[in-house]
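First up is the structure itself, then whatever we jot down about it.
Numbering (the numbering used here), first residue to last: 11 to 104.
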């Protein structure tokens, strides 16, 4: 059963169970994997699936900075907000 995402632009976007499970993987390469057909279709898409997957991965897992503890700013929270804003723009570019 797919998960449906709605961003208020009258479009619903479905993510199937296998893609969602892959995105939850801590291995970034596995999480962002796209098959040959998807990579080919991405060449013709206005909004690239690869970019959306990267934004979703950042939203789920946060960033990869090793020295976050040294900073007094909540970088993870800021990056998640930025990733959500990017994802929202992909969903409704106008």
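We treat Cβ as the ideally placed atom computed from N, Cα and C, and that holds for glycine.
Which term fits residue i, buried or exposed, when burial requires 16 or more other beta carbons within 10 angstroms of its beta carbon?
i          : result
residue 65 : buried
residue 15 : exposed
residue 56 : exposed
residue 31 : exposed
residue 77 : Caution is warranted here: a pLDDT of 45 is assigned to residue 77, below 50, making its placement in the model unreliable, and the coordinate value is therefore given only provisionally. Residue 77 comes out exposed.
Quick one, are the C-beta atoms of residue i and residue j less than 9 Å apart?
i          : j          : result
residue 38 : residue 69 : no
residue 12 : residue 24 : yes
residue 42 : residue 60 : yes
residue 46 : residue 97 : no
In chain order, which alpha helix (DSSP H) runs of at least 4 residues are fully inside the stretch 17-44?
27-33 and 38-41
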